[in-house]
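The structure appears below as structure tokens.
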Amino acid sequence: MSTPHQSDETSVMEFGVIHVEHDDRVLRPRPWTRLQSEWAAELAHDLPAGPFLELCTGAGQIGLLAAVLSGRRLVAVDADSSACELAARNAVRAGVAERVEVRAGDMRTAVAAGEAYALVIADPPWVTTAEVGRFPEDPLLAIDGGADGLAVARLCLEVAGGHLRPGGLLLVQLGDDAQADDLAASAGWVERGRRHGERGLVLLLAPA
Ligand SMILES: C[S@@+](CC[C@H](N)C(=O)[O-])C[C@H]1O[C@@H](n2cnc3c(N)ncnc32)[C@H](O)[C@@H]1O
Numbered sequence: 015m016s017t018p019h020q021s022d023e024t025s026v027m028e029f030g031v032i033h034v035e036h037d038d039r040v041l042r043p044r045p046w047t048r049l050q051s052e053w054a055a056e057l058a059h060d061l062p063a064g065p066f067l068e069l070c071t072g073a074g075q076i077g078l079l080a081a082v083l084s085g086r087r088l089v090a091v092d093a094d095s096s097a098c099e100l101a102a103r104n105a106v107r108a109g110v111a112e113r114v115e116v117r118a119g120d121m122r123t124a125v126a127a128g129e130a131y132a133l134v135i136a137d138p139p140w141v142t143t144a145e146v147g148r149f150p151e152d153p154l155l156a157i158d159g160g161a162d163g164l165a166v167a168r169l170c171l172e173v174a175g176g177h178l179r180p181g182g183l184l185l186v187q188l189g190d191d192a193q194a195d196d197l198a199a200s201a202g203w204v205e206r207g208r209r210h211g212e213r214g215l216v217l218l219l220a221p222a
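Heads up, the sequence shown stops at 222 in the numbering used here, and the numbers go up one at a time, no gaps.
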């Protein structure tokens, strides 16, 4: 887990019906990713009862908007303590702090044995290590997805697989269809659909 550091400049961005504080310590919120929150809220009608889990929350906007739209509780996890500070403030700003818990830590240890969620929302880094130099303004931890861009996405599947309620689902954000095809072929999962945005896509997976 990283230690928090200060940033000189904070901005506030509209993200659907919420406002999100962010700065240079986190990935700048990308408007197209609202589709992940909106899809989560749509799915909530038919999901089992229970909270949502967001892995790789950053400043928190995707999970928070899903919580606002669905009325569900949310546990939001990020390895970066600075991101978690922002996510906690953004939960207050969105008016949902009483049903949102932000946890700083690696996803492999931040979710305790026995915890079970109706939906896991995952926004892992998905840029290949070879390509991260193209995005010098972005924090490395937020974008570096390893050799094929899927290292952290695979971790998300591993964590989600151990923490879904019966009937629960996983919504994972990726860079392109090739990555989605690769991840959808993972043992233990079946694809339930995908939706495309301007600069990436969201893949819906169910345990096989
Ligand atoms: C692509 S950013 C997503 C941030 C935000 N959800 C968004 O869409 O703007 C990926 C996030 O994953 C976090 N992260 C990377 N590896 C992680 C790990 N092993 N466990 C928890 N969080 C991790 C990074 O700190 C970063 O905030």
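Where is the CB? At the ideal position from N, CA and C, for every residue including glycine. As the structure is a prediction and not an experimental result, all values here were calculated from the model.
Best match in the options for proximity to residue i [C-alpha to C-alpha]
i: A222; options: A199, N104 and I157; result: A199
i: A201; options: G211, E172 and R179; result: E172
i: V114; options: M121, Q75 and D158; result: Q75
i: I135; options: L100, C70 and T24; result: C70
i: R232; options: D195, L218, A192 and E28; result: The structure shown has nothing for residue 232, since the chain only spans 15 to 222.
i: V204; options: G181, T123, G211 and D137; result: G181
i: G64; options: E129, E99 and T24; result: E129
i: V146; options: V91, I157 and P138; result: I157
i: V166; options: D137, A144 and F66; result: D137
i: A111; options: G119, C98, D120 and A127; result: C98
i: L121; options: H59, S25, G72 and D190; result: The sequence given here places Met at residue 121; Leu does not occur at that position. When only C-alpha atoms are compared, the closest one is G72.
i: L67; options: G176, D37 and D152; result: G176
i: F149; options: H33, V26 and D38; result: D38
i: S84; options: A58, Q193 and D92; result: A58
i: A124; options: S25, P62, E23 and V89; result: V89
i: P153; options: A194, S96, D195 and Q193; result: S96
Proximity below 9 Å, CB of residue i to CB of residue j
i: L79; j: W140; result: no
i: L133; j: R86; result: yes
i: D94; j: L169; result: no
i: E52; j: N104; result: no
i: L100; j: V31; result: no
i: L219; j: L185; result: yes
i: Y131; j: R206; result: no
i: V116; j: A126; result: no
i: A174; j: A161; result: no
i: D92; j: A118; result: yes
i: D191; j: R209; result: no
i: L61; j: L183; result: yes
Helix, strand or coil at residue i [DSSP, three-state]
i: W140; result: coil
i: P221; result: strand
i: G77; result: helix
i: G207; result: strand
i: L215; result: strand
i: E68; result: strand
i: V40; result: coil
i: E35; result: strand
i: E145; result: helix
i: V28; result: Note that residue 28 is Glu in the sequence shown, not Val. Three-state DSSP puts E28 in a strand.
i: P153; result: coil
CB contact below 9 Å: residue i versus chain B
i: A144; result: The displayed structure is made up of one protein chain only, and chain B is not part of it.
Output the residue ranges of the beta strand (DSSP E) runs that lie fully inside the region 83-134 and measure 3 residues or longer, sorted by chain position. Within the region 83-134, the complete beta strand (DSSP E) runs of at least 3 residues are 88-92 and 114-118.
Which residue spans inside the region 156-199 form an unbroken beta strand (DSSP E) run of at least 3? Listed in chain order, the complete beta strand (DSSP E) runs (minimum 3 residues) inside the region 156-199 are 178-188.
Assess, as a yes-or-no matter, whether the region 35-48 is touched by the region 206-214 under the definition of 3 or more beta carbon pairs within less than 8 Å. Counting Cβ pairs under 8 Å, three or more are found: they touch.
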